[in-house]
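Below is one structure; the comments refer to it alone.
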Amino acid sequence: MSDKPEPVFSAPWHAQAFALTVHLNETGRFAWTDWAARFGTNLARHGLERDLDGGDDYFHVWLETLESLLEEDGSAGRAEAEHMRAEWERAYLTTPHGMPVLLGR
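Each number in the numbering used here corresponds to the 1-based position in the sequence shown with 160 added.
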């Protein structure tokens with residue numbers, strides 16, 4: 161039996177989305193109460209009225225909520241988010257297995 165703790169997040173991008181959201185809240189970009197209300201509404205809209213394990217379905221809604229907040233305040237529009245998503249997709253599809261995924265290759 162290992163004393164090593166289980167990972168809190170099941171994928172690195174889950175942790176990154178969480179950390180970015182916390183950082184934006186801590187720097188005053190939005191109130192956590194507003195974030196929580198929007199996130200809850202989005203979860204309900206997606207029909208996720210069940211216990212979530214913190215997997216991809218949960219964090220896709222998390223990311224959608226963050227993107228909508230940033231679009232509303234003018235920080236990152238939908239077109240910019242789609243462009244960045246496409247750049248990341250291109251980067252990971254062209255990165256050899258086992259190598260770090262980097263933008264701008």
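Glycine residues also receive a C-beta, built at the ideal position from the N, C-alpha and C atoms.
**Prompt:** For the candidate residues Ala171, Arg189, His174, whose alpha-carbon lies nearest to that of serine 228?
**Reply:** For this step, residue 228 is matched to residue 68 along the sequence shown. It is Arg189.
**Message:** Classify leucine 137: buried if its beta carbon has 16 or more other beta carbons within 10 angstroms, exposed otherwise.
**Reply:** No statement about residue 137 is possible, as the shown extent of the chain runs from 161 to 265 and does not include it.
**Asked** Relative to the alpha-carbon of aspartate 170, which residue among Gly258, Ala246, Tyr252, Asp217 has its alpha-carbon at the smallest distance?
**Response** Within the sequence shown, numbered from 1, the residue matching residue 170 stands at position 10. The sequence as given places serine at residue 170; aspartate does not occur at that position. Nearest of Gly258, Ala246, Tyr252, Asp217 to serine 170, Cα basis: Asp217.
**Asked** Residue range of the alpha helix (DSSP H) that methionine 244 falls in?
**Response** Within the sequence shown, numbered from 1, the residue matching residue 244 stands at position 84. Taken as a continuous stretch (DSSP letters only), the alpha helix (DSSP H) holding methionine 244 covers 238-254.
**Prompt:** Hey, leucine 262 and alanine 251 are a contact pair by Cβ (cut 8 Å); roughly how many whole angstroms apart?
**Reply:** Taking the first residue of the sequence shown as 1, we reach residue 262 at position 102. Taking the first residue of the sequence shown as 1, we reach residue 251 at position 91. Leucine 262 to alanine 251, Cβ: 6 Å. Contact.
**Message:** I need the straight-line Cα distance from alanine 197 to proline 260, nearest angstrom please.
**Reply:** Sequence index remark: in the sequence shown, residue 197 carries index 37 (1-based). Sequence index remark: in the sequence shown, residue 260 carries index 100 (1-based). Taking the straight line from one Cα to the other gives about 35 Å.
**Message:** Does tryptophan 248 pass the burial test, meaning 16 or more other C-beta atoms within 10 Å, or should it be called exposed?
**Reply:** Counting from one through the sequence shown, the residue named residue 248 turns up at place 88. Tryptophan 248 is exposed by the Cβ-count criterion.
**Message:** Below 8 Å on the Cβ atoms is my contact criterion, and I expect phenylalanine 219 with alanine 179 to pass it. Report the Cβ-Cβ distance as a whole number of Å.
**Reply:** Within the sequence shown, the letter at position 59 stands for residue 219. Within the sequence shown, the letter at position 19 stands for residue 179. Not a contact, Cβ separation roughly 12 Å.
**Prompt:** When the Cα of leucine 230 is compared with those of Leu253, His174, Pro165, Leu184, which residue comes out closest?
**Reply:** As a working mapping, residue 230 is identified with position 70 in the sequence shown. Nearest option by C-alpha distance: Leu184.
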